[in-house]
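Chemist:
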Amino acid sequence: MCGIAGWVDWDVDLTQQRPTLEDMAAALACRGPDAAGLWLSPRAALAHRRLIVVDPTGGGQPMIRRKGEYRYIITYNGELYNTPELRAELEARGYRFQGHSDTEVLLTAYMEWGKECVPRLNGIFAFAIWGEADQTLFMARDRLGVKPLFYTQRGSAFIFGSELKALLAHPGVQPEVDAEGLAEIFVLAPGRTPGHGVFRGVKELRPGHCLVYNRRGMHIYRYWALESHPHPDDLDTTARKVGWLLQDAVRRQLVADVPVCTLLSGGLDSSAISAFAAAAFQQNGTGQLRTFSVDYMENDRYFRPNQFEPDSDARWIERVAHFLGAHHRTVLIDTPHLVEALSAAVRARDLPGMADVDASLLLFCREVKKEATVALSGECADEIFGGYPWFRKEDALAAHTFPWALNTQERTRLLSPELLAMIRPEEYVAQRYRDTLTEVPHLQGENPREARMREMFYLNLNWFMATLLDRKDRMSMATGLEVRVPFCDHRLVEYAWNIPWEMKSCGGMEKGILRRALAGVLPQEVLLRRKSPYPKTHHPAYFAAVRRWLLDILDDPTSPLLPFINLEAVRQFARLDAPAMKRPWYGQLMRGPQLLAYLIQVDTWLREYRVVVR
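Using UniProt numbering, read the sequence shown as starting at 1 and increasing by one per residue.
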């Protein structure tokens with residue numbers, strides 16, 4: 001993967017703005033530690049930071065190709081998994097290629113088909129192409145939003161980048177937030193409204209969308225959306241198709257000129273990906289699959305099963321790794337490093353995030369990077385097959401709000417009266433929820449239960465999955481590790497979208513259809529294992545450390561956090577015996593200690609980014 005940035009301006013000669021473009025690129029150095037490139041013209045300037053995965057010599061960027069008298073220039077972050085098919089089709093049309101990178105194939109596809117090239121792509125991507133002939137910038141983002149792409153307009157300037165930090169490196173973009181941005185931080189985060197960039201005037205191109213910018217202005221359009229129609233297949237056929245689509249996605253996503261591994265938790269999703277990857281390695285003669293997992297010092301001593309975390313991963317990982325013949329390594333994280341990494345995780349995300357869940361992933365990816373450059377991960381299976389508890393809990397199904405955040409009041413009671421009056425949190429959340437439901441492509445004649453489940457899947461795909469993809473992209477790319485997510489293959493998502501809930505939950509278990517599809521691929525006990533989320537630390541030293549850190553912040557009169565919180569309520573919440581400490585306020589893992597850590601991250605963000613409220 002890589003980092004991209006750029007600037008189009010009708011009033012400023014950008015050939016004189018190299019230092020600014022260099023700063024924007026430098027901000028993305030972690031995403032692309034292997035190479036850097038700039039391209040400048042009077043009206044457009046593009047920057048690229050490269051993580052070399054395919055075609056080390058022929059894939060440099062920004063890449064320039066000529067058609068007739070005019071040039072096309074691309075800066076691209078992503079991987080195309082149907083590169084061979086696209087290349088063959090373009091070669092049949094007379095094109096010749098200088099290397100074997102997907103970048104060259106993508107740029108050539110645009111030269112041949114224009115904006116119609118995007119629906120032909122199978123992959124994860126965010127890219128920008130400048131066409132000299134019509135002085136037009138064309139940008140696109142992959143269907144599920146695996147790769148990020150932010151943008152803003154400042155006067156005559158249109159500025160974009162893979163991460164917020166690239167935009168903030170431009171002198172025209174200031175770290176300002178308004179009431180809406182504060183509502184995102186204090187009420188919705190670590191989730192984020194689709195398309196919202198938190199900072200004032202900053203937006204993110206939504207998944208499945210393209211953006212065209214030229215002298216006539218900006219035009220955004222959607223090139224892909226889920227479509228609802230009756231599911232035509234019986235149970236056995238559905239299971240076979242699910243299994244084939246996942247296997248094909250894994251096979252395609254193993255292509256690289258660098259070491260590839262999988263992230264293995266011993267759960268259904270990561271075990272399935274690892275199994276298909278191991279089989280492909282054996283078939284291709286590429287050696288033994290390497291797998292990695294994460295755990296915490298003394299977690300075996302302090303872990304206690306609960307409704308969200310039924311058991312720990314260790315024995316399951318050992319069982320699957322042995323079954324696959326994989327070379328496995330468990331990365332152990334200790335409490336001091338985990339606490340220290342809370343600030344680094346903010347810098348990686350450019351926003352407060354999932355607290356220690358982010359921080360541990362950052363540390364984990366840092367270790368994986370020492371032995372591999374590409375990793376396959378199991379994100380998004382729960383969103384497309386219904387693995388989360390709230391798909392089955394009646395209170396969540398009946399709630400008129402986001403089902404992973406039923407305890408939002410635990411957060412809002414910690415906010416200052418002034419902030420509550422400014423952001424009106426209940427109204428803000430309710431409006432975002434209603435806005436999302438208006439987008440759901442309902443199926444005519446569907447019974448109320450199936451209609452509600454379709455809404456639940458849409459909510460999860462557009463909100464909760466987006467949060468996890470943000471997390472995985474920022475924490476991995478901050479270490480120069482590329483993570484691919486086979487369950488986000490759009491063909492699998494499209495097919496799963498229309499599988500009825502009764503079939504998805506066949507056998508009376510979450511993700512029943514996926515379990516059925518993997519029969520014979522994994523050991524029976526793994527197929528039957530209950531879902532357990534990404535592991536977090538249960539060490540009391542972690543809670544003690546974040547509690548002490550937050551209390552120090554509360555005692556600091558210069559803390560920028562203080563105007564936004566109810567000081568006494570936060571102190572009360574931080575008591576060791578506070579009952580709210582045990583209830584999730586976001587997802588399955590974010591409980592009391594994570595809320596304290598989140599407030600620490602907000603303080604860090606406000607300080608380090610010098611955020612100004614307008």
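For each residue, glycine too, the CB sits at the ideal point set by N, CA and C. Remember, it's a predicted structure, so these values are computed and weren't measured experimentally.
(1) Quick check on aspartate 295: does DSSP put it in helix, strand or coil?
(2) Does the segment 454-463 come into contact with the segment 338-356, if we say contact requires no fewer than three beta-carbon pairs (one atom in each stretch) closer than 8 Å?
(3) Specify whether the segment 271-283 and the segment 77-96 touch according to this definition: at least 3 beta carbon pairs, one from each stretch, less than 8 Å apart.
(4) Measuring straight from C-alpha to C-alpha, what distance separates cysteine 365 and arginine 215?
(5) Take glycine 6 as the anchor and find which of Thr103, Tyr151, Arg610 and Arg87 has the nearest alpha-carbon.
(6) Using only alpha-carbon positions, find the residue among Gly512, Gly508 and Val546 that is nearest to threonine 537.
(7) If you scan the segment 369-445 from start to end, which runs of the beta strand (DSSP E) of 3 or more residues do you find wholly inside it?
(8) Enumerate, from N- to C-terminal direction, the unbroken beta strand (DSSP E) stretches of 3 or more residues contained entirely within the segment 149-218.
(9) First and last residue of the beta strand (DSSP E) that includes glutamate 482?
(10) Can histidine 328 and glutamine 288 be called in contact, C-beta distance under 8 Å?
(11) Out of curiosity, what's the CA-to-CA distance linking proline 448 and valine 12?
(12) Please go through the same chain and pick out, in chain order, the residues whose beta-carbon is closer than 8 Å to the beta-carbon of threonine 136, but skip the five residues on each side of it.
(13) How would you label aspartate 470, buried or exposed, when you count the other beta carbons within 10 angstroms and need 16 or more for buried?
(14) Quick one: what's got a C-beta closer than 6 Å to valine 331's C-beta in the same chain, skipping five residues either side?
(15) Would you identify the three-state DSSP class for cysteine 365, choosing helix, strand or coil?
(16) Kindly indicate the opening and closing residues of the beta strand (DSSP E) around methionine 354.
(17) Is it buried or exposed, valine 218, if we count other Cβ atoms within 10 angstroms and call 16 or more buried?
(18) Under the rule that 16 or more other beta-carbon atoms within 10 Å means buried, what is histidine 442, buried or exposed?
(19) Can you check which of these residues, Glu608, Ala544, Arg240 and Leu551, is closest to valine 521 by C-alpha distance?
(20) Starting from methionine 590, follow the beta strand (DSSP E) in both directions and report where the run begins and ends.
(21) Near alanine 47, which residues of its chain fall below 6 Å by C-beta distance, leaving aside the five closest residues on each side in sequence?
(22) Evaluate proline 560 with the Cβ neighbour count: other Cβ atoms within 10 Å of its Cβ, from every protein chain shown; 16 or more gives buried, anything less gives exposed.
(23) Tell me which same chain residues have a C-beta within less than 7 Å of the C-beta of arginine 610, skipping the five on either side of it?
(24) In whole angstroms, what separates the C-alpha of tyrosine 433 from that of phenylalanine 464?
(25) Which whole-angstrom value describes the C-beta separation of phenylalanine 127 and alanine 140, a residue pair presumed to lie in contact below a C-beta threshold of 8 Å?
(26) Bridge partners of threonine 262, per DSSP?
(27) Excluding sequence positions up to five away, which residues of its chain have a Cβ less than 6 Å from the Cβ of proline 517?
(28) Taking all protein chains shown into account, do 16 or more other C-beta atoms lie within 10 angstroms of the C-beta of glutamine 253, making it buried, or fewer, making it exposed?
(29) Under a Cβ-count criterion, where at least 16 other Cβ atoms within 10 Å of its own Cβ denotes burial, should lysine 582 be classed as buried or exposed?
(30) Since glutamate 63 sits in a beta bridge, which residues does DSSP pair it with?
(31) Where does aspartate 9 sit, in a helix, a strand or coil, going by DSSP?
(32) Could you tell me the distance, in whole angstroms, from the CA atom of leucine 298 to the CA atom of valine 485?
(33) Given that a residue counts as buried once 16 or more other Cβ atoms are within 10 Å of its Cβ, and exposed if not, what is proline 19?
(34) If you draw a straight line from the alpha carbon of alanine 249 to that of phenylalanine 487, how long is it in whole angstroms?
(35) How close, in whole Å, do the beta carbons of leucine 268 and lysine 511 come, if the pair is a contact with beta carbons under 8 Å?
(36) Within a Cβ cutoff of 6 Å, which residues of the same chain sit near threonine 262, ignoring the five residues on either side of it in sequence?
Modeler: Walking through what the data contain:
(1) Counting from 1 along the sequence shown, the entry for residue 295 is found at position 295. In this structure, DSSP gives aspartate 295 an extended state, which the three-state scheme calls strand.
(2) Contact between the segment 454-463 and the segment 338-356 is absent, because fewer than three Cβ pairs lie under 8 Å.
(3) Cβ pair count under 8 Å is below three, so no.
(4) Translated into the one-based positions of the sequence shown, residue 365 becomes position 365. Translated into the one-based positions of the sequence shown, residue 215 becomes position 215. Cysteine 365 and arginine 215 have their C-alpha atoms some 42 Å from each other.
(5) For the purposes of this step, residue 6 is identified with residue 6 of the sequence shown, where counting begins at 1. If we check each option's Cα against that of glycine 6, Tyr151 comes out closest.
(6) Within the sequence shown, residue 537 is the residue found at index 537, counting from 1. In this structure, Val546 is the residue among Gly512, Gly508 and Val546 with its C-alpha nearest to the C-alpha of threonine 537.
(7) Every unbroken stretch of the beta strand (DSSP E) spanning 3 or more residues and falling wholly within the segment 369-445 is given here in chain order: 374-376.
(8) Those beta strand (DSSP E) runs which fall completely within the segment 149-218 and span 3+ residues are 150-154, 157-161, 202-204 and 209-214.
(9) For the purposes of this step, residue 482 is taken as the residue at position 482 of the sequence shown. DSSP places glutamate 482 in the uninterrupted beta strand (DSSP E) bounded by 482-484.
(10) Working through the sequence shown from its first residue, we reach residue 328 at position 328. Working through the sequence shown from its first residue, we reach residue 288 at position 288. Their beta carbons are not under 8 Å apart, which means histidine 328 does not touch glutamine 288 by this criterion.
(11) For the purposes of this step, residue 448 is taken as residue 448 along the sequence shown, with counting starting at 1. For the purposes of this step, residue 12 is taken as residue 12 along the sequence shown, with counting starting at 1. Approximately 56 Å between the Cα atoms of the pair.
(12) Here residue 136 refers to the residue found at position 136 when the sequence shown is read from its first residue. Result list for threonine 136: Trp130, Val212, Tyr213 and Asn214, in chain order.
(13) As a position in the sequence shown, residue 470 is number 470, starting the count at 1. The C-beta of aspartate 470 has 16 or more other C-beta atoms within 10 Å across all chains shown, which makes the residue buried.
(14) Looking up residue 331 in the sequence shown gives position 331. Cβ neighbours of valine 331 beyond the five flanking positions: Val294, Phe364 and Glu367.
(15) For the purposes of this step, residue 365 is taken as the residue at position 365 of the sequence shown. Looking at cysteine 365 - three-state DSSP - the assignment turns out to be helix.
(16) Counted from its first residue, the sequence shown places residue 354 at position 354. For methionine 354, there is no enclosing beta strand (DSSP E), as DSSP gives it neither H nor E.
(17) Within the sequence shown, residue 218 is the residue found at index 218, counting from 1. Note that residue 218 corresponds to methionine in the displayed sequence, not to valine. By the Cβ-count criterion, methionine 218 is exposed, with fewer than 16 other Cβ atoms from all chains shown falling within 10 Å of its own Cβ.
(18) The residue labelled residue 442 in the question sits at position 442 within the sequence shown. An exposed status is given to histidine 442, since fewer than 16 other beta-carbon atoms sit within 10 Å of its beta-carbon.
(19) Here residue 521 refers to the residue found at position 521 when the sequence shown is read from its first residue. Considering only alpha carbons, the answer is Arg240.
(20) Locating residue 590 in the sequence shown gives position 590, counting from the first residue. Run containing methionine 590: none; DSSP gives neither H nor E here.
(21) Looking up residue 47 in the sequence shown gives position 47. Around alanine 47: Ala5, Leu21, Met24, Ala25 and Leu38.
(22) Along the sequence shown, one-based indexing puts residue 560 at 560. A residue is called buried when at least 16 other Cβ atoms come within 10 angstroms of its Cβ; proline 560 meets this threshold and is buried.
(23) The sequence position of residue 610 within the sequence shown is 610, counting from 1. Cβ neighbours of arginine 610 beyond the five flanking positions: Pro175.
(24) The sequence position of residue 433 within the sequence shown is 433, counting from 1. The sequence position of residue 464 within the sequence shown is 464, counting from 1. Each residue's Cα considered, the two are about 12 Å apart.
(25) The residue labelled residue 127 in the question sits at position 127 within the sequence shown. The residue labelled residue 140 in the question sits at position 140 within the sequence shown. Sure, about 6 Å apart at Cβ, within 8 Å.
(26) Taking the sequence shown and counting its residues from 1, the one referred to as residue 262 is at position 262. According to DSSP, which records beta bridges pairwise, threonine 262 is partnered with Thr291 and Leu376.
(27) Walking along the sequence shown from the start, residue 517 turns up at place 517. One point to set straight first is that residue 517 is alanine, not proline, in the sequence displayed. Same-chain partners within the cutoff: Ala239, Val242 and Gly243.
(28) The residue you call residue 253 lines up with position 253 of the sequence shown. Only buried fits glutamine 253, as 16 or more other CB atoms lie within 10 angstroms of its CB.
(29) The count along the sequence shown starts at 1 and reaches residue 582 at position 582. Its Cβ having fewer than 16 others within 10 Å, lysine 582 is exposed.
(30) Against the sequence shown, residue 63 aligns to sequence position 63. Before going further, note that residue 63 is methionine rather than glutamate in the sequence given. Under DSSP, methionine 63 forms a beta bridge with Ile74.
(31) Counting from one through the sequence shown, the residue named residue 9 turns up at place 9. Aspartate 9 sits in a strand when the DSSP states are folded into three classes.
(32) Walking along the sequence shown from the start, residue 298 turns up at place 298. Walking along the sequence shown from the start, residue 485 turns up at place 485. According to the sequence displayed, residue 298 carries glutamate and not leucine. Our two residues, glutamate 298 and valine 485, have alpha carbons roughly 30 Å apart in a direct line.
(33) Mapped onto the sequence shown, residue 19 falls at position 19. By the beta-carbon neighbour count (other beta carbons within 10 angstroms, threshold 16), proline 19 is exposed.
(34) Sequence index remark: in the sequence shown, residue 249 carries index 249 (1-based). Sequence index remark: in the sequence shown, residue 487 carries index 487 (1-based). For the pair alanine 249 and phenylalanine 487, the Cα-to-Cα distance works out to about 8 Å.
(35) Taking the first residue of the sequence shown as 1, we reach residue 268 at position 268. Taking the first residue of the sequence shown as 1, we reach residue 511 at position 511. Indeed, because the Cβ distance is near 6 Å, the residues count as touching under 8 Å.
(36) As a working note, residue 262 is residue 262 in the sequence shown. Taken in chain order, the residues that qualify are Ile273, Ser274, Ala277, Thr291 and Leu376.
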